[in-house]
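In my numbering, the protein residues as written are 2 to 170. Here the structure comes first, spelled out in structure tokens, and everything after it is commentary.
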């Protein structure tokens, strides 16, 4: 199982006021809020943790078919700026985050070994959805292949596990 999320930092700065009253309490646990207030760049920490939660949620949603808005049930355990875990209702997801001046991008996986198997998708890949959950169909075998898609502002990222069909990757 995989999940991903990206934040366009320019767009987030323009459209999201993470400093407004109640925002942090609504989205982040007490431990996460302490990470934010202690961070050298609090805005980057907010979106770093947010992308981790969103990427983890995508796995949780695929595993359980439970859809909803419950950010406080997803808790980030921060190892470093680029690695950590997200816990949700007894499930553990591993995360890797890439931070640039323009974006923050996180991939979450259910098993650490999956990081080595990840493949990027092209933007022109033909996506299908079942209950809002995306997948692609292998042209040769007709097997449904799970994917995770994210987009925000100027950025779009799609990933899958170990799938090597040339017209998709």
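The C-beta atom is built at its ideal place from N, Cα and C for all residues, glycine as well. From a predicted model like this one, the values you see are computed outputs, not experimental measurements.
Short Cβ contact (7 Å threshold) for residue i with residue j
i, j, result
"residue 154", "residue 9", "yes"
"residue 31", "residue 76", "no"
"residue 5", "residue 151", "yes"
"residue 25", "residue 79", "no"
"residue 7", "residue 149", "no"
Rounded C-alpha distance that separates residue i from residue j
i, j, result
"residue 99", "residue 141", "33 Å"
"residue 129", "residue 23", "37 Å"
"residue 27", "residue 73", "7 Å"
"residue 117", "residue 163", "9 Å"
"residue 125", "residue 156", "14 Å"
Proximity to residue i [Cα-Cα], best of the options
i, options, result
"residue 113", "27, 101, 84, 137", "84"
"residue 115", "161, 65, 70, 45", "161"
"residue 45", "88, 18, 148", "18"
"residue 111", "86, 71, 102, 131", "86"
Close beta carbons around residue i, own chain, < 8 Å, minus the five adjacent residues each side
i, result
"residue 89", "57, 58, 61, 74, 75, 76"
7 Å Cβ shell around residue i - same chain, five flanking residues per side excluded
i, result
"residue 13", "48"
Own chain residues within Cβ distance below 6 Å of residue i, not counting five before or after
i, result
"residue 133", "none"
Exercise. On the three-pair Cβ rule with 8 Å, is the region 58-66 touching the region 90-110?
Worked result: yes
Problem set entry | Three-pair Cβ contact test at 8 Å for the region 106-118 versus the region 39-56 | yes
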